[in-house]
Amino acid sequence: MRMTSGLLAVAMTAALLSQAAVAAEVVPTGKLPDDAKPLAYALDLKIDPKADRFNGHVRIKVKLAKPADHLWLHARELDIAKAVVTDAKGKTHDAKLSVRDSSGVAEVAFGATLPAQDIELAFDYSAPFNAKLQGIYKVKVGDDAYVTTQMEAISARYAFPSFDEPRFKTPFDITLTVPNDEAALANTLQTGTKESDDKKWKTLTFAQTKPLPTYLVALAVGPWDVVDGPTIPANAVRKNPLPLRGVGPRGTGPQLKWILEQTPETVKYYEEYTKQPYPFDKLDLVGAPDFSAGAMENAGFIVYRDVLLRIDAKSPASSYRSSFNVNAHEIAHQWFGDLVTVPWWDDIWLNEAYATWAQGKATVALKPEYLGDLSRLEGTLHAMNSDSQLSARKIRQPIKDQGDIENAFDGITYQKGAAVLRMFEEWVGEDVYREAMRDYLAKHKFGSGNSDDLIATIARVSGKGETLARAMRSFLDQPGLPLVHAELKCNAGKGAIELSQSRYLPYGVLGEGSPLWQVPVCARFGRDGKNDRQCFLLDAPKKEFALAGGCAQWAMPNADAAGYYRFALGANDFGALKSQVAALAPAEQLVYADAVSAAFEQGTIGPEVVLDAMPALASSDVPQIATALVGSFEWIREHLASDVTRPALDAYAKSLYASHLKELGLHKRPNDGDATTRLRLGLVDLLALTVRDKDLRAQLNGEARAALGLDGGKADLGKLDPDVRGVALKVAVQDSGEAAYKAVQQELKTNTQTKQRYELIAALAATHDAKLGEDARNYGLTPAVAVGEIQYLYYSNVGEEENRAGFWTWLKPHFDALRKRLPDSHQSLAVGLASAGRCSKDSGEEMREWFAPRIKEMIGGERKLAQSLEGVGTCGALREHIGTKALAQWAEAHPVR
Numbered sequence: 015m016r017m018t019s020g021l022l023a024v025a026m027t028a029a030l031l032s033q034a035a036v037a038a039e040v041v042p043t044g045k046l047p048d049d050a051k052p053l054a055y056a057l058d059l060k061i062d063p064k065a066d067r068f069n070g071h072v073r074i075k076v077k078l079a080k081p082a083d084h085l086w087l088h089a090r091e092l093d094i095a096k097a098v099v100t101d102a103k104g105k106t107h108d109a110k111l112s113v114r115d116s117s118g119v120a121e122v123a124f125g126a127t128l129p130a131q132d133i134e135l136a137f138d139y140s141a142p143f144n145a146k147l148q149g150i151y152k153v154k155v156g157d158d159a160y161v162t163t164q165m166e167a168i169s170a171r172y173a174f175p176s177f178d179e180p181r182f183k184t185p186f187d188i189t190l191t192v193p194n195d196e197a198a199l200a201n202t203l204q205t206g207t208k209e210s211d212d213k214k215w216k217t218l219t220f221a222q223t224k225p226l227p228t229y230l231v232a233l234a235v236g237p238w239d240v241v242d243g244p245t246i247p248a249n250a251v252r253k254n255p256l257p258l259r260g261v262g263p264r265g266t267g268p269q270l271k272w273i274l275e276q277t278p279e280t281v282k283y284y285e286e287y288t289k290q291p292y293p294f295d296k297l298d299l300v301g302a303p304d305f306s307a308g309a310m311e312n313a314g315f316i317v318y319r320d321v322l323l324r325i326d327a328k329s330p331a332s333s334y335r336s337s338f339n340v341n342a343h344e345i346a347h348q349w350f351g352d353l354v355t356v357p358w359w360d361d362i363w364l365n366e367a368y369a370t371w372a373q374g375k376a377t378v379a380l381k382p383e384y385l386g387d388l389s390r391l392e393g394t395l396h397a398m399n400s401d402s403q404l405s406a407r408k409i410r411q412p413i414k415d416q417g418d419i420e421n422a423f424d425g426i427t428y429q430k431g432a433a434v435l436r437m438f439e440e441w442v443g444e445d446v447y448r449e450a451m452r453d454y455l456a457k458h459k460f461g462s463g464n465s466d467d468l469i470a471t472i473a474r475v476s477g478k479g480e481t482l483a484r485a486m487r488s489f490l491d492q493p494g495l496p497l498v499h500a501e502l503k504c505n506a507g508k509g510a511i512e513l514s515q516s517r518y519l520p521y522g523v524l525g526e527g528s529p530l531w532q533v534p535v536c537a538r539f540g541r542d543g544k545n546d547r548q549c550f551l552l553d554a555p556k557k558e559f560a561l562a563g564g565c566a567q568w569a570m571p572n573a574d575a576a577g578y579y580r581f582a583l584g585a586n587d588f589g590a591l592k593s594q595v596a597a598l599a600p601a602e603q604l605v606y607a608d609a610v611s612a613a614f615e616q617g618t619i620g621p622e623v624v625l626d627a628m629p630a631l632a633s634s635d636v637p638q639i640a641t642a643l644v645g646s647f648e649w650i651r652e653h654l655a656s657d658v659t660r661p662a663l664d665a666y667a668k669s670l671y672a673s674h675l676k677e678l679g680l681h682k683r684p685n686d687g688d689a690t691t692r693l694r695l696g697l698v699d700l701l702a703l704t705v706r707d708k709d710l711r712a713q714l715n716g717e718a719r720a721a722l723g724l725d726g727g728k729a730d731l732g733k734l735d736p737d738v739r740g741v742a743l744k745v746a747v748q749d750s751g752e753a754a755y756k757a758v759q760q761e762l763k764t765n766t767q768t769k770q771r772y773e774l775i776a777a778l779a780a781t782h783d784a785k786l787g788e789d790a791r792n793y794g795l796t797p798a799v800a801v802g803e804i805q806y807l808y809y810s811n812v813g814e815e816e817n818r819a820g821f822w823t824w825l826k827p828h829f830d831a832l833r834k835r836l837p838d839s840h841q842s843l844a845v846g847l848a849s850a851g852r853c854s855k856d857s858g859e860e861m862r863e864w865f866a867p868r869i870k871e872m873i874g875g876e877r878k879l880a881q882s883l884e885g886v887g888t889c890g891a892l893r894e895h896i897g898t899k900a901l902a903q904w905a906e907a908h909p910v911r
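What follows is the structure, encoded as structure tokens:
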């Protein structure tokens, strides 16, 4: 029907008004509006790893909750060739996708207003393989090219137009068209294959996925080795056998055997704990030759840095331990994060903290020789260091933009979250807690659950109700770390303990207000050679509790190290505890050492107290205990010592540890367990790289020179003990100079063993030669160093005091070049590197001034800069407060012999 001029004017006016309304609408850079919801995706991709780009066709079924002429979704760096919307009646409309924000928020305009209904969006597009290990990306290894994916946190938008938020869980149908000679895999089992007429291509279809958010979608194409692992048999929880495969770059299949052998017991452990069967139709462990994260829990298709899966006789003991732990973490995610997903990024701690917590439980149960209880405690103490800053964020931090999302994946989310979970597990009891977790997973499976859902479940199942809810929220919804001050009391044979709380902050930092936690405090009390344990809820600034066993002679205020808090004691009570240290359990010895370090960082004790506390721990055969105060020792050595006092410190460290290393020997012996090997490496690292013992360095340098072929013969890293290989290579570059440096660079040209590459790159950058240091930094900007290897080079470089000034000078003209190579999640790397070793107000101001005009360009940079500057400031304040007098007096009392 011909439109009259009047009707045409009305239509044009309506269209203009509609366009104006869209233009006036605020671009949703946080959550997308609720008026459009995806129901299902069909993703059809054509991928040739030898090409520079891939092609895609995606169809998305969408529910419109109200009439609309457009909707919002995500697309980034995609070239849209065609966009079509099909309404509920099957009528098609040309659509237009326009990116409205640099984070990838895009508007899809329908060209007409559609009533509330179910529609289908279809897009034909192409895109380059991502160069920063995001979305769908490609990595070359020699002549081979591998395509794989990393969608978390918000990188699915690089791969296909999508509603790229965790709350949108839908099934996916995935089809891959790939060259006939390439392997292709995805989240689910393959269901069909069709060859092209010319036999050059094949099209693979896969079973429809369970409901997934976009960030759990994954695929891989390339000349992969695909190795069948042991099928995981059915059990009382799961009715069907579970296929298990290992996937790695060409030729790496044999190195996948060890981790495939470990995996069935891990899956079984979680099934028995949760009473939920493994949720997906198969389990692939995929070793990517370059990867931005350590690993990623994609449903049924876990992707790892290949170094974590490639285990053989040439692997150090630490690789076995890391491989098992990370695998346990990622498999735990199949329940905690995949089966049940969080609705928004402010609750991402539920994914990561629970996987970290579950990993610790699995490792303790299945690999006791790995000392998993102490490893998770080390993680807790690491989180406490971050949480000690005034700029620390909450576990449940509000998320407003991409920077907030990227910053959410840190020690607060992982280790603090896991520690808080364990504290409340201890409070309610393991059996009760397990029942609560089973209830939570059963009620939310294949859907989403948030913090309130979890808290309500634990509160109900435990019977602790609102008391528990208030206590958990006090740790989730405010930043910081409680400091519990404990004082023993005794009156007429009746014992008591007075507990008070405040926020732990290092010296020179003043917090605002008086935050209050509801702290479950469990303490151990000693009486005449015996001890018992008693728990309290500290829900006030100060409170006195009666002791059931009468007066106590000593107290350990964090029994079993299960509490997420630091403690302080008066001088007499601390002295009484110090006398019992050797009799405490290892975990309690570790939190005792942390209490010493924490008091030093607050400026309430001097360096001499820290140094005098070292001997009681140093002789332990438990690696974490023996080296528990080494971090404080190194701070004293770097920031308080002078050329006069440093030799005394070095001699002291040798007196504590050299004989211990001699007993262990420099190299692994046939019957050495994991703890022995770990302790040996810790002592070698301290004595060779920090104290720089000449005799030890000469031995390591000689072994590395032989392995690099510097003294005749062919280069062969297999000559080096894999446990000390990394340290030996660093020493060789530092002590043998340019010859070793060039030999390492030559080895990197052909070496494809990922673990060895990390060690070689770190050794290269650890040079103490200014010219070679500059060369190493420039080398990091070349394709010779893969994107995922960059951090190993630059952190090693600034880890050496001799390189820090040179790095800072180099960074200024190379800042943009470095940033361009880094994934979104690593954009703030330069800030952390630049802060290394800074410990004064002036050096902090220098950083602040230079980064100020650049920081907004860096995703997550503003928070990282604030944290780094605070660290520099507190370091300088503590150094000025302590001064050098006490250390000088200590050094006089400990002359070098």
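Residue numbers (the numbering used here): 15 to 911. Glycine included, C-beta positions come from ideal geometry on N, C-alpha and C.
Straight-line Cα distance separating residue j from residue i
i: E677; j: L695; result: 13 Å
i: G477; j: L552; result: 19 Å
i: A506; j: V595; result: 28 Å
i: R410; j: W238; result: 40 Å
i: E80; j: D49; result: The sequence given here has Lys at residue 80, not Glu. Approximately 6 Å between the Cα atoms of the pair.
i: Y151; j: T163; result: 6 Å
i: C549; j: V610; result: 23 Å
i: E449; j: I188; result: 36 Å
i: S669; j: R706; result: 14 Å
i: S857; j: F865; result: 13 Å
i: Q403; j: E652; result: 21 Å
i: K870; j: L879; result: 10 Å
i: F294; j: R852; result: 49 Å
i: W904; j: E622; result: 6 Å
i: R660; j: P684; result: 37 Å
i: Q515; j: V535; result: 11 Å
i: V72; j: P193; result: 20 Å
i: V910; j: V161; result: 58 Å
i: T377; j: L385; result: 8 Å
i: W824; j: G417; result: 26 Å
DSSP beta-bridge partners of residue i
i: L78; result: A50
i: T163; result: I150
i: H71; result: D58 and D138
Start-to-end residues for the alpha helix (DSSP H) that takes in residue i
i: T377; result: I362 to L380
i: G386; result: G386 to D401
i: V698; result: D688 to V698
i: L353; result: Segment: none, L353 is in no alpha helix (DSSP H) and carries neither H nor E.
Opening and closing residue of the beta strand (DSSP E) in which residue i lies
i: C889; result: Run containing C889: none in the beta strand (DSSP E); it sits in the alpha helix (DSSP H), G875 to I896.
i: I316; result: F315 to R319
i: W215; result: W215 to F220
i: D108; result: T106 to D108
Under the three-state DSSP convention, the category residue i falls into
i: A907; result: helix
i: Y454; result: helix
i: P637; result: helix
i: A35; result: In this prediction, A35 has a pLDDT of 48, which is less than 50 and means its spatial position is unreliable; what the coordinates show is noted afterwards. Three-state result, A35: helix.
Inter-stretch contact (C-beta, 8 Å, three-pair minimum) for the stretch 114-123 and the stretch 786-803: no
Segment contact, 8 Å Cβ cut-off, at least three pairs: the stretch 707-721 with the stretch 743-760: yes
Any 3 or more C-beta pairs closer than 8 Å across the stretch 485-503 and the stretch 515-533: yes
The stretch 562-576 / the stretch 584-604 touching (three or more Cβ pairs under 8 Å): yes
The stretch 392-400 / the stretch 95-104 touching (three or more Cβ pairs under 8 Å): no
Touching by the beta-carbon criterion (3+ pairs, under 8 Å), the stretch 469-486 and the stretch 421-438: yes
Three or more C-beta pairs below 8 Å linking the stretch 732-747 and the stretch 318-331: yes
Stretch pair the stretch 876-891 + the stretch 833-848: three plus CB contacts closer than 8 Å: yes
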